[in-house]
Amino acid sequence: MSELLDIYDENQVHIGVKERADVHRDGDWHKVFHCWVVYRGADGVDYLVMQMRGPDKDTFPNLLDVTAAGHYQAGEDIRDGIREVQEELGIAVDFDDLVPLGQHIGVSHYDGLIDRQFCDVFLLVHNQDIKQYHYQKEELAGLVVFSIQDGLNLLSGKVEKISAKAAGLGKDVLMISLDDFVPREGDYMDRLLLLAIRCLNGEHNLAL
């Protein structure tokens, strides 16, 4: 059965329900859930975990993306997004464990598809070896983890590549560049990483 999504106008007024493939074909606004896993290691370094999208994904296969993300099915609300963390990463968390960062508006184009999203964004502080995740292999090719500061250096152009530990990707360590990431407009990733540092320093009233 096809996945059904709620669709909205540009002011987030609900205007109907549509099959997912048609939503992307027609460029309808819809809502998605983003959960970024971060932690402070025993070495005192702040880290970000990202997933590599599976090779069969309809958009941006084999590129690095949000740790756990997905569409709300028709009728679901923001609290139902926690399902994506449990399904994709295989970890049991409560919605109240998440640190809300507000909403990001994203528009991307891929192979004739138009993806217009209202993204509900959260952080999850969770320190676990990436090789211990029971991630959803139907959706994810694997996981990587790298220093948040390295990520900021990459985004700012200070370096062209950074080192990332990997799980499920054939190597324990990968050198990654901006070309390995799902392309995003604006400074979403920069702001996200800076907020992650503040969160790991104990702040929780944060917003993109």
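Residue numbers for the sequence shown follow my numbering, beginning at 4 and rising by one.
Cβ atoms here follow ideal geometry from the backbone N, Cα and C, with glycine treated the same way.
Check for me: the alpha helix (DSSP H) holding residue i runs from which residue to which?
{"i": "residue 22", "result": "Counting along the chain, residue 22 falls outside any alpha helix (DSSP H), though it belongs to the beta strand (DSSP E) covering 17-22."}
{"i": "residue 194", "result": "191-203"}
{"i": "residue 106", "result": "Premise fails: residue 106 lies in the beta strand (DSSP E), 102-113, not in any alpha helix (DSSP H)."}
{"i": "residue 154", "result": "151-158"}
{"i": "residue 88", "result": "85-92"}
Identify the continuous beta strand (DSSP E) that holds residue i and give its terminal residues.
{"i": "residue 124", "result": "116-128"}
{"i": "residue 7", "result": "7-11"}
{"i": "residue 56", "result": "49-56"}
{"i": "residue 177", "result": "176-179"}
{"i": "residue 42", "result": "32-43"}
{"i": "residue 74", "result": "71-74"}
{"i": "residue 168", "result": "165-170"}
What does the alpha-carbon distance come out to for the pair residue i and residue j?
{"i": "residue 20", "j": "residue 76", "result": "10 Å"}
{"i": "residue 57", "j": "residue 46", "result": "31 Å"}
{"i": "residue 140", "j": "residue 72", "result": "14 Å"}
{"i": "residue 31", "j": "residue 119", "result": "6 Å"}
{"i": "residue 95", "j": "residue 52", "result": "17 Å"}
{"i": "residue 185", "j": "residue 67", "result": "6 Å"}
{"i": "residue 82", "j": "residue 8", "result": "16 Å"}
{"i": "residue 22", "j": "residue 6", "result": "6 Å"}
{"i": "residue 42", "j": "residue 142", "result": "23 Å"}
{"i": "residue 18", "j": "residue 108", "result": "18 Å"}
{"i": "residue 74", "j": "residue 110", "result": "14 Å"}
{"i": "residue 103", "j": "residue 205", "result": "14 Å"}
{"i": "residue 192", "j": "residue 149", "result": "14 Å"}
{"i": "residue 202", "j": "residue 209", "result": "8 Å"}
{"i": "residue 86", "j": "residue 178", "result": "31 Å"}
{"i": "residue 60", "j": "residue 207", "result": "33 Å"}
{"i": "residue 100", "j": "residue 90", "result": "16 Å"}
{"i": "residue 144", "j": "residue 93", "result": "14 Å"}
{"i": "residue 13", "j": "residue 63", "result": "24 Å"}
{"i": "residue 146", "j": "residue 29", "result": "31 Å"}
{"i": "residue 182", "j": "residue 65", "result": "11 Å"}
{"i": "residue 200", "j": "residue 39", "result": "12 Å"}
{"i": "residue 121", "j": "residue 11", "result": "9 Å"}
Quick check on residue i: buried or exposed, where buried means 16 or more other Cβ atoms within 10 Å of its Cβ?
{"i": "residue 133", "result": "buried"}
{"i": "residue 54", "result": "buried"}
{"i": "residue 161", "result": "exposed"}
{"i": "residue 174", "result": "exposed"}
{"i": "residue 153", "result": "buried"}
{"i": "residue 124", "result": "buried"}
{"i": "residue 24", "result": "exposed"}
{"i": "residue 27", "result": "buried"}
{"i": "residue 69", "result": "buried"}
{"i": "residue 78", "result": "exposed"}
{"i": "residue 112", "result": "exposed"}
{"i": "residue 115", "result": "exposed"}
{"i": "residue 84", "result": "buried"}
{"i": "residue 16", "result": "exposed"}
{"i": "residue 88", "result": "buried"}
So is the beta-carbon of residue i under 8 Å away from any non-hydrogen atom of the ligand ADP?
{"i": "residue 59", "result": "You won't find the ligand ADP in this model; it holds no ligand whatsoever."}
> Three or more C-beta pairs closer than 8 Å, one from the stretch 134-144 and one from the stretch 158-173: is that the case here?
Replying inline: yes
> Is the stretch 146-163 touching the stretch 192-204, taking contact as three or more C-beta pairs under 8 Å?
Replying inline: yes
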